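Colleague:
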Amino acid sequence: MQAMADGSERNGLQKAQERLPIAEARKQLMSLVKAHQTLVLVGETGSGKSTQLPQFLHRAGLAEGRSIAVTQPRRVAAIAIARRVAQEMGVQLGAEVGYAVRFDDRSSAATRIKYMTDGMLVREALIDPSLSRYKIVVLDEAHERTLPTEILFGLMKQIQAQRKGGMKLIVMSATLDAAKFAHFFDGAKVIFLQGRQFPVDTLYLPEPVDSYLDAVRRTILQIHVDEAQGDILAFLTGQEEIETLQRLIPERSLQLEGAGSHGKLLVVPIYAALQPEQQAKVFEATPAGMRKVILATNIAETSITVPGVRYVVDAGFVKARSYNARLQSDSLQVVPVSKAQARQRSGRAGREAAGKAFRLYTEAAFLGLEAASAPEIQRVSLASLVLQLKQLGVADVLAFPFMDAPPKAALLRALELLLALGALDADGALSQPLGAQLVRLPLEPAFGKVLLSGGAMSCSEEALSVVSMTSTDPVFVSTRNKEEALTEMRKQFISPLGDHITLLNVLTSYVKVKKNERGRWCGERLLNVRSMRKALEIRSQLREHLLSLKVPLKSCENDLDPLRRAILSGLFMHAAILLPNNTYKVIASGQIVSIHPSSVLSGRKPRCIVFDEILRTTRNYARNVTVIEPSWLPEVAPSFFSKIESSGGL
DNA sequence: GAGCACTGC
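According to UniProt numbering, the first sequence is numbered sequentially starting from 1.
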């Protein structure tokens with residue numbers, strides 16, 4: 001391991017720009033907010049900008065009787081910060097200070113400081129595009145460039161142009177994108193705030209390694225032997241790597257007994273798909289005489305803060321999903337992290353005391369990394385975004401003021417899909433009632449269409465279950481050594497009609513189980529109880545939406561044909577026909593796909609299928625598949641399939 | 001015949 005030649009890059013930055021503690025910056029901040037329409041605040045972790053600044057603004061009366069909205073990309077952060085601020089101000093949560101996130105609204109008409117997810121503020125804007133109840137909008141964690149924050153950037157620019165001087169915007173960022181933000185909101189004032197982060201020594205490998213997994217293992221053992229007390233957090237790319245390392249480390253660490261002065265290693269995994277009880281183990285105090293090793297995905301970068309960590313091991317890779325508009329497919333690939341991500345990971349060693357970060361690549365490799373990963377808007381399907389922009393009154397979405405324009409092909413693809421779904425009229429306006437209904441639903445438009453068709457085809461109860469199950473995390477727990485048991489347990493739910501009906505069967509069985517027995521019931525069947533709970537929450541929320549949209553709630557009982565037609569009416573872009581070599585040709589795009597091995601239809605050969613998405617890994621896989629009749633195609637999407645039929649595409 | 005990082009409405 002080599003230390004960085006010039007100490008820490010972060011220190012270099014701090015020298016370049018004087019950073020003020022927020023308490024000292026207070027007066028200055030207040031007069032700057034008065035003088036400028038937009039302020040960009042750059043502050044590190046612990047600068048107090050998220051908790052203290054909104055209080056200053058409120059007490060100084062700068063909201064002028066209206067409210068202050070503070071957005072966060074994550075629900076837990078919005079809730080936690082709101083709680084802290086309410087406590088600091090000595091007020092009841094939900095009164096003067098409140099929060100609003102999906103499934104949980106603790107705000108009222110009296111709320112003057114409202115913490116919310118960025119997606120919630122977009123939802124409010126869809127109803128009131130000028131956000132008239134707010135005088136100040138604070139977009140926190142703006143450097144993360146989430147899709148909703150991206151919409152809010154452009155929207156705020158438009159609102160500010162309309163409400164002359166009457167709408168203040170404060171953009172908060174942890175990184176130096178400040179120049180970019182300031183440029184986008186012309187004339188914005190930039191301020192740097194001091195954080196409360198301990199120094200982290202960053203170390204690099206002198207030479208690149210062949211296997212980062214082995215390097216991670218060796219580095220963990222080396223830290224254990226050489227370094228002082230403190231837990232180790234290692235960043236890997238996924239469940240499989242974590243499980244592999246979990247098996248390898250305990251075997252070797254036994255040989256170390258007595259060698260290191262910090263006892264045995266306690267290896268704890270953490271990733272999103274892990275069952276809640278298992279996840280809880282990372283937060284338990286490390287037993288005396290032991291050193292904890294946390295093997296994590298990027299969940300530990302931002303979403304979860306593990307106490308006690310002094311050492312970070314960064315393998316330098318991340319599993320990233322990206323969308324290819326031309327192929328209409330997602331791919332999931334292991335790619336190098338960005339510089340910003342590497343810094344974020346290293347920073348996790350300095351939350352409680354000075355720490356060390358071991359980057360398992362060379363310094364030259366670090367310098368060659370991208371500054372930041374591409375913003376979400378560059379790598380996802382934009383159907384939902386386009387629909388929302390239309391509702392916000394943006395007639396020409398290509399002319400919307402994006403901070404970074406999305407790929408034109410992706411925007412055109414989205415418009416095409418919305419036209420095919422019938423969400424847009426021929427002139428590109430939101431259609432009535434379909435388009436207007438789809439914007440209201442918290443779903444991708446294709447799945448919203450499945451739900452609305454369910455209403456029209458008298459199977460909305462079943463459509464609700466199917467859509468809810470596809471909107472949650474995977475419900476079938478997969479662990480290598482339990483694979484056979486898993487298949488056995490799945491049998492009772494499996495439908496020959498495919499994955500959607502199988503998921504419907506799972507949810508139908510689940511709701512029949514008594515509430516206090518659901519945890520055990522899921523455990524026995526290797527179902528992820530957290531995913532099941534979330535599916536039910538989503539289902540009841542969507543059900544409320546259907547009620548307010550006056551969509552009839554009906555069940556098709558045992559006749560599943562209408563349900564499959566409803567599914568097809570939303571997902572017809574992903575309808576495919578069997579080829580002689582057992583692959584499938586997607587009718588709309590001509591893409592060749594195979595049924596994903598996790599599908600209940602894998603190995604069977606239905607003639608015609610429809611599926612949720614294409615995932616490109618070793619090859620193109622269709623995920624969540626249902627058997628359909630080819631004759632249904634022109635019925636559910638006449639304008640789309642008559643065109644293809646006449647050109648010989650079928 | 002082979003595998004799913006992470007958010008959010």
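We put the beta carbon where it would ideally sit given N, CA and C, even for glycine. This one's a predicted model, so the numbers in the text were calculated from it and none came from an experiment.
(1) Could you tell me which whole beta strand (DSSP E) segments of length 3 or greater appear in the stretch 85 to 146?
(2) Any idea what DSSP makes of residue 249, helix, strand or coil?
(3) Using three-state DSSP, classify residue 639 as helix, strand or coil.
(4) Just how far apart, CA to CA, sit residue 8 and residue 363?
(5) Given the structure, does residue 208 come close to the ligand SAM, in the sense that its CB is under 6 Å from one of the ligand's heavy atoms?
(6) From the DSSP output, which residues share a beta bridge with residue 620?
(7) Is the Cβ-Cβ distance between residue 296 and residue 200 less than 7 Å?
(8) Can you tell me which of 285, 242, 264, 288 puts its alpha carbon nearest to the alpha carbon of residue 270?
(9) Residue 578: which of 566, 593, 564, 567 sits nearest, CA to CA?
(10) Quick check on residue 183: buried or exposed, where buried means 16 or more other Cβ atoms within 10 Å of its Cβ?
(11) Please classify residue 44 as buried or exposed, where buried requires at least 16 other C-beta atoms within 10 Å of its C-beta.
(12) Classify residue 338 as helix, strand or coil using the three-state DSSP reduction.
(13) Rounded to whole angstroms, what's the CA-CA distance from residue 649 to residue 589? Just pull it up for me.
(14) In whole angstroms, what is the alpha-carbon distance linking residue 612 and residue 475?
(15) Can you tell me which residues form a DSSP beta bridge with residue 356?
(16) Roughly how many angstroms separate the alpha carbons of residue 624 and residue 500, rounded to a whole number?
(17) Taking buried to mean at least 16 other C-beta atoms within 10 Å of its own C-beta, is residue 196 buried or exposed?
(18) To the nearest angstrom, how far is it from the Cα of residue 315 to the Cα of residue 361?
(19) Determine the direct distance from the alpha carbon of residue 21 to that of residue 348, and round the result to whole angstroms.
(20) To the nearest angstrom, report how far apart residue 194 and residue 504 are at their CA atoms.
(21) According to the Cβ coordinates, are residue 464 and residue 533 closer than 7 Å?
(22) Leaving out five residues before and five after residue 249 in sequence, what residues of the same chain have Cβ atoms less than 7 Å from its Cβ?
(23) Going by DSSP, what residues sit across from residue 578 in a beta bridge?
(24) If you draw a straight line from the alpha carbon of residue 273 to that of residue 222, how long is it in whole angstroms?
(25) Answer yes if the stretch 302 to 320 comes into contact with the stretch 551 to 566, meaning at least three C-beta pairs across the two stretches below 8 Å, and no otherwise.
(26) In whole angstroms, give me the CA-to-CA distance for residue 290 and residue 313.
(27) Counting only runs of 4+ residues fully inside the stretch 384 to 437, write out the alpha helix (DSSP H) ranges in chain order.
(28) For residue 6, which of helix, strand or coil comes out of DSSP?
(29) Run the CB neighbour count on residue 618, radius 10 Å, all protein chains shown included, and call it buried at 16 or more, exposed below.
(30) Taking only runs of the alpha helix (DSSP H) that begin and end inside the stretch 449 to 474, which ones reach a length of at least 4 residues, in chain order?
(31) For residue 377 and residue 583, I'd like the C-alpha separation in whole angstroms.
(32) So what does DSSP say about residue 271, is it helix, strand or coil?
(33) Beta strand (DSSP E) containing residue 41: first to last residue?
(34) Apart from the five residues just before and just after residue 530, which ones in its own chain have a Cβ nearer than 6 Å to its Cβ?
(35) Considering just the uninterrupted stretch of the alpha helix (DSSP H) at residue 300, what are its terminal residues?
(36) Considering only the alpha carbon of each residue, which of 50, 98, 168, 427 lies closest to residue 33?
Modeller: Judging by the given coordinates:
(1) Along the stretch 85 to 146, the beta strand (DSSP E) occurs as fully enclosed runs of 3 or more residues at 97 to 101, 104 to 106, 113 to 117, 134 to 139, listed in sequence order.
(2) Residue 249: helix per DSSP, three-state reduction.
(3) In the three-state DSSP reduction, residue 639 falls in the helix class (H, G or I).
(4) For residue 8, the pLDDT reaches just 41, beneath the cut-off of 50, and the residue's location in the model is therefore unreliable, leaving the point undetermined.
(5) Although the ligand SAM was asked about, the structure shown includes no ligands whatsoever.
(6) Paired residue(s): 616.
(7) With respect to the 7 Å criterion, residue 296 and residue 200 are not classified as neighbours on the basis of their beta carbons.
(8) The shortest Cα separation from residue 270 among 285, 242, 264, 288 belongs to 242.
(9) Answer by Cα proximity: 593.
(10) Exposed, by the Cβ-count rule.
(11) Around the CB of residue 44, 16 or more other CB atoms lie within 10 Å, so the residue is classed as buried.
(12) The DSSP-derived three-state label of residue 338 is coil.
(13) In this prediction, residue 649 scores a pLDDT of 49, lower than 50, which makes its location untrustworthy; the coordinate-derived value is nonetheless stated afterwards. One C-alpha to the other measures close to 10 Å.
(14) The alpha-carbon atoms of residue 612 and residue 475 are separated by roughly 16 Å.
(15) 201, 311, per the DSSP bridge assignment.
(16) Looking at the backbone, the Cα of residue 624 and that of residue 500 are separated by about 6 Å.
(17) Around the Cβ of residue 196, a 10 Å sphere holds fewer than 16 other Cβ atoms; the residue is exposed.
(18) Each residue's Cα considered, the two are about 8 Å apart.
(19) Approximately 21 Å, taken between the alpha carbons.
(20) Taking the straight line joining both Cα atoms gives about 52 Å.
(21) Contact check for residue 464 against residue 533 fails: the beta carbons are separated by 7 Å or more.
(22) Cβ contact annotation for residue 249 (same chain, cutoff 7 Å, sequence separation greater than five): 217, 220, 265, 267, 293, in chain order.
(23) The partner list for residue 578 (beta bridge, DSSP) reads 584.
(24) Cα-Cα distance, rounded: 29 Å.
(25) Proximity of the stretch 551 to 566 to the stretch 302 to 320 falls short of the contact definition, fewer than three beta-carbon pairs being nearer than 8 Å.
(26) Taking the Cα positions, residue 290 is about 18 Å away from residue 313.
(27) Within the stretch 384 to 437, the complete alpha helix (DSSP H) runs of at least 4 residues are 408 to 421.
(28) Any answer about residue 6 is weak, because its pLDDT of 36 lies below 50 and its placement is not dependable; what the coordinates show is given next. Looking at residue 6 - three-state DSSP - the assignment turns out to be coil, as it is neither helix nor strand.
(29) Exposed, by the Cβ-count rule.
(30) Counting only runs that start and end inside the stretch 449 to 474, the alpha helix (DSSP H) elements of at least 4 residues fall at 460 to 471.
(31) So the two alpha carbons sit approximately 31 Å from each other.
(32) In the structure shown, residue 271 sits in coil (DSSP, three-state: anything other than H, G, I, E or B).
(33) Under the DSSP assignment, residue 41 falls in the beta strand (DSSP E) whose first and last residues are 38 to 43.
(34) Excluding positions up to five away in sequence, the list reads 276.
(35) Element bounds for residue 300: 299 to 302.
(36) Measuring from the Cα of residue 33, the nearest candidate turns out to be 168.
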